[in-house]
Amino acid sequence: MELRMDYNNVLDSRIGTEGLAQADFDALKPAAERASKMMADNRPSMKWRELPHNQAEIVADIKAYVTEMKGDIDAFVVLGIGGSALGPMAVQQALNHPFYNELPREKRNGFPKLYVVDNVDPERLVYLFQTVDPVRCLFNVISKSGSTSETMSQFMIIKEMLEKRLGKEAARKRIVCTTDKEKGNLIKIVREEGYKYYIVPDGVGGRFSQLCPVGLLPAAFCGIDIEGLLEGAAQMDERCKSPCIYENPAYMFAALHMMALGKGKNITVVMPYADSLKYISDWFAQLWGESLGKHFDLEGNVVNVGQTPVKALGVTDQHSQVQLYAEGPFDKIIVLVGVDEYRETITIPKLYEDMPSLGFLGGVTHNELIKNEQLATEYALTKANRMNMTLTLPRVTPQTLGQLLYFFEVATAYAGYLLNIDPFDQPGVEEGKNATYALFGRPGYEAKKAEMDAAPPKDGKYIM
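This is the structure we're talking about:
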């Protein structure tokens with residue numbers, strides 16, 4: 008049960024001059040060797056790479072906590088943003104029933120519903136409280152720094168609400184935190200208030216955190232096999248040991264994308280042909296975009312590099328986006344994500360056999376239909392000389408999903424080093440955060456507020 012990668016259709020032998028030639032691989036060799044050395048040298052600081060191997064005690068604690076709490080709550084609510092939200096949503100969608108929250112509790116095997124509140128639109132929490140009773144929820148506050156404005160503002164609202172309704176002692180049992188072990192506001196609050204908590208390990212950034220308690224705790228509360236996720240990630244780690252791109256699938260994925268970028272393909276589209284993998288595209292978009300979009304390289308030179316990730320879903324977006332991919336600009340590499348074996352089978356009845364445009368569907372399964380539509384899209388893109396490649400999961404299971412998550416993480420880190428940038432920081436995100444703090448008059452951000460106040464005003468004649 009291993010993830011497969013087919014990259015025939017990015018090569019010039021398949022799509023002509025728009026594809027990669029042997030000369031492109033030869034030219035990449037020095038950068039690839041340097042990037043492989045950086046991956047090896049920096050592995051000790053990439054603590055996310057050890058997550059598949061070092062969490063037996065944490066997993067046991069999480070499972071015990073789920074057993075203790077699941078019968079006492081109706082919903083598990085994630086308060087987080089970025090990787091703290093996208094990862095749990097992607098795993099839930101992939102491994103549980105697509106209408107999980109609508110199922111009666113017995114069909115959820117006694118596990119609570121899952122809600123992820125990842126925005127501060129004022130309607131979001133109000134409507135959540137109209138949907139579930141907060142006192143019957145367990146709220147998971149996820150913030151490594153403890154200063155994430157969005158998450159901490161939600162926490163403050165919910166803390167006050169719970170304490171008013173339940174009293175401080177009972178309210179304490181309705182909050183569990185995931186944060187840094189030493190630094191930041193949230194760990195201070197945890198110690199003062201006595202909340203149950205889990206640690207985000209050092210060296211594990213938000214977008215690389217799905218395989219630590221950030222992602223494992225919500226998954227476990229929904230009955231997902233978190234040991235299977237880690238097992239799959241460990242399997243992929245083994246496959247990604249070689250420094251050679253021809254022997255390391257994640258390195259090859261990154262190398263293909265960076266060579267494609269060099270040929271003007273500044274957009275990568277990830278298009279799963281499975282509803283279960285729909286939110287993998289969202290999770291990947293943050294991982295790839297936030298890691299690789301950088302102003303400076305490692306020597307401080309201005310480079311403004313990156314490749315824009317776009318999410319799509321087969322077959323849905325064959326009817327919305329594929330027209331652009333097939334006939335628009337030659338600026339994309341399309342990654343189709345397929346599944347060999349779906350978990351269910353449904354057959355189309357033999358109706359309207361006198362209508363050729365419908366009759367051919369009679370007796371065909373949706374399994375066959377979606378697979379053939381994927382093959383047809385691949386064929387059409389290739390015929391149009393558009394770069395495309397395919398990742399295939401034998402079946403969507405905790406193990407294969409763990410493989411896919413870890414594969415993308417390693418590929419992202421390697422792509423960053425191919426670009427000679429730091430794939431683990433996010434200074435562009437920090438600028439927006441600092442501006443928000445300044446607008447609210449947060450102490451320490453007076454200079455930023457003065458800078459913003461000094462910006463030229465907008466010209467009214469350009470406002471319609």
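First residue of the sequence shown? That's 8 in my numbering, and the numbers climb one at a time after it.
Beta carbons are placed, not taken as given, at the ideal position from N, Cα and C, and that holds for glycine.
What you are looking at is a predicted structure, and each value in this text was computed from that prediction instead of being measured.
Counting of Cβ neighbours within 10 angstroms places residue 383 among the exposed residues, the total staying below 16.
Comparing alpha-carbon positions, the option among 206, 191, 83 and 295 lying closest to residue 428 turns out to be 295. In this structure, residue 97 keeps its C-beta atom at 8 angstroms or more from the C-beta atom of residue 386.
With a cut-off of 8 angstroms on Cβ pairs, the segment 89-103 is in contact with the segment 402-417, counting three or more such pairs. Between residue 261 and residue 421, the CB-CB gap stays under 8 angstroms.
Burial state of residue 439 is exposed, judged by a 10 Å Cβ sphere holding fewer than 16 other Cβ atoms. The alpha-carbon of residue 464 is positioned some 19 angstroms away from that of residue 453. Shown here for residue 141: same chain residues with a beta carbon closer than 7 angstroms to its own, the five before and five after excluded, namely 165, 168 and 169 in chain order. According to the DSSP assignment, residue 82 belongs to no alpha helix (DSSP H) but to the beta strand (DSSP E) extending over 82-86. Short of 6 angstroms from the beta carbon of residue 23, and not among the five residues preceding or following it, lie these beta carbons of its own chain, in chain order: 392.
Shown here, residue 362 sits in coil according to DSSP, grouped into three states, outside any helix or strand. Between residue 53 and residue 239, the C-beta gap is not smaller than 8 angstroms, which leaves the two residues out of contact. Residue 95 places its beta carbon less than 8 angstroms from that of residue 222. Taken in chain order, the whole alpha helix (DSSP H) runs of length 4 or more contained in the segment 318-345 are 329-334. Three or more beta-carbon pairs separated by less than 8 angstroms are not found between the segment 318-334 and the segment 359-367, which leaves the two stretches without contact. Here residue 143 has 80, 81 and 82 as same chain residues with Cβ atoms under 8 angstroms from its own Cβ, once five neighbours each way along the sequence are excluded.
According to the DSSP secondary-structure assignment, residue 384 is paired through a beta bridge with no residue.
Counting only runs of 4+ residues, the alpha helix (DSSP H) found wholly inside the segment 157-203 occupies 175-179 and 192-200, in chain order. Put simply, of 203, 316 and 189 the residue whose alpha carbon is nearest the alpha carbon of residue 278 is 316. By the CB criterion at 8 angstroms, residue 213 and residue 20 fall outside the cutoff. Three or more pairs of CB atoms, one per stretch, sit closer than 8 angstroms, so the segment 49-65 contacts the segment 240-253. The DSSP assignment places 90-102 and 129-138 as complete runs of the alpha helix (DSSP H) inside the segment 74-140, in order along the chain (cut-off: 4 residues).
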